[in-house]
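Protein chains in written order, with our numbering: chain A, 131 to 246; chain B, 131 to 246.
2 protein chains.
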Amino acid sequence: MALKVRKNRSPKPPGPCPLTECMAVIGGAWTANIIWNLSGGPRRFGELRIDIPAVSPKVLTTRLRELERKGVVNRKVKPTSPPSVEYSLTGLGAELIPAIEAIVAVGHKLKHRHDC
Amino acid sequence: MALKVRKNRSPKPPGPCPLTECMAVIGGAWTANIIWNLSGGPRRFGELRIDIPAVSPKVLTTRLRELERKGVVNRKVKPTSPPSVEYSLTGLGAELIPAIEAIVAVGHKLKHRHDC
DNA sequence: TTTTCCGGTTACCGCAAGGAAACCATATAG
DNA sequence: CTATATGGTTTCCTTGCGGTAACCGGAAAA
Numbered sequence: 131m132a133l134k135v136r137k138n139r140s141p142k143p144p145g146p147c148p149l150t151e152c153m154a155v156i157g158g159a160w161t162a163n164i165i166w167n168l169s170g171g172p173r174r175f176g177e178l179r180i181d182i183p184a185v186s187p188k189v190l191t192t193r194l195r196e197l198e199r200k201g202v203v204n205r206k207v208k209p210t211s212p213p214s215v216e217y218s219l220t221g222l223g224a225e226l227i228p229a230i231e232a233i234v235a236v237g238h239k240l241k242h243r244h245d246c
Numbered sequence: 131m132a133l134k135v136r137k138n139r140s141p142k143p144p145g146p147c148p149l150t151e152c153m154a155v156i157g158g159a160w161t162a163n164i165i166w167n168l169s170g171g172p173r174r175f176g177e178l179r180i181d182i183p184a185v186s187p188k189v190l191t192t193r194l195r196e197l198e199r200k201g202v203v204n205r206k207v208k209p210t211s212p213p214s215v216e217y218s219l220t221g222l223g224a225e226l227i228p229a230i231e232a233i234v235a236v237g238h239k240l241k242h243r244h245d246c
């Protein structure tokens, strides 16, 4: 009575899983929200804090630094006074938008179904 | 010297954020992988363990139960012997596929860029 | 009788992610 | 002189997520 594994599995590419890899980028707390809020154009630190009121400055800094290191967002310091810092999506960051949009779309459907 | 918040923010719907809501569904460890592996058709517990070797039975059970409760997957027990349990995506679960696919697509791009 | 297989369950544990609150440096406005 | 705005940093602490490992119950195969 051997285990018969059916072959209708979805395609499994070799090497590190692209799904896991992408989730590692957008999976952190508030990460997707941050990217989503940057999709409308550059935004300053304080503006992001207003856009996402629940995020603490510590976490916001952490996420922005991570995303910068991964090449998803760009950090530009403007030598005004007091200096203001503008964050924007890089080309790579822009490529994440369709995925985020798809997630948002599902979120709407979930709300619709849930609706209790 | 008042704070001038620019208005180029992305649209913010009232109420609970759809983005956060959807991420709560697909955000758990291995969750997206599980849904992805079910997108090719129904799959048994043991098959999923083979598809995703790194997932422990405990976590796999937890995730499947969560997804079942949220109406994303369907659990069907077949009274064979030993009994086999088949998991499949519900209609709601199927709606998640485009988002997952978008994430997978970005994962490929990430690998391409990274490529080290 | 013992083993194998399926689909789990249970107990235990470590650690890192994340929340809260306080603090900081600089420069201009009033 | 003091207040305010900006963009953080630092410290502390809790929670819970997820990993490991062992165990389980029924049935059939050997």
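For every residue, glycine included, the Cβ atom is placed at its ideal position computed from N, Cα and C.
Min CB distance residue i to chain A below 8 Å
i, result
"GLU198/B", "no"
"GLU151/B", "yes"
"LYS239/B", "yes"
Rounded C-alpha distance that separates residue i from residue j
i, j, result
"MET131/A", "SER211/B", "Note that MET131/A scores 45 on pLDDT, short of 50, meaning its location in the model is unreliable and no value can be drawn from it."
"THR191/B", "TRP160/A", "27 Å"
"SER186/A", "ALA184/B", "33 Å"
"GLY171/A", "LEU240/B", "22 Å"
"SER169/B", "LEU219/B", "7 Å"
"GLY221/A", "ASP181/B", "33 Å"
"VAL155/B", "LYS200/B", "8 Å"
"PRO148/A", "ALA235/B", "8 Å"
"GLY237/B", "GLY223/B", "21 Å"
"ARG173/A", "GLY157/A", "21 Å"
"ARG243/B", "GLU216/B", "38 Å"
"GLY176/A", "PRO228/A", "26 Å"
"VAL189/A", "LEU178/A", "12 Å"
"VAL207/B", "ASN167/B", "19 Å"
Listed by chain order, chain A residues near residue i by CB distance under 7 Å
i, result
"ARG193/B", "Within chain A, no residue comes near ARG193/B; the closest Cβ sits about 14 Å away, beyond 7 Å."
Where residue i meets chain A, residues with beta-carbon distance less than 9 Å
i, result
"ALA155/B", "Reading off the sequence shown, one finds Val at residue 155/B, where the question assumed Ala. Result: VAL236, GLY237 and LEU240."
"ARG136/B", "GLY171, PRO172, ARG173, ARG174 and GLU177"
Residue i: contacting residues in chain B (beta-carbon distance under 7 Å)
i, result
"ILE233/A", "LEU149, CYS152, MET153 and ALA229"
8 Å Cβ cutoff, residue i in contact with chain B
i, result
"ARG243/A", "yes"
"ALA132/A", "Reliability fails at ALA132/A, whose pLDDT of 47 lies under 50, so the model's placement of it is uncertain and no value is given."
Could you tell me which whole beta strand (DSSP E) segments of length 3 or greater appear in the segment 150-208 of chain B?
203-208
Which residues, taken in chain order from the segment 203-226 of chain A, show a beta carbon closer than 8 Å to some beta carbon of chain B?
Legend: CB atoms of the segment 203-226 of chain A lying less than 8 Å from CB atoms of chain B belong to residues LEU222, GLU225 and LEU226.
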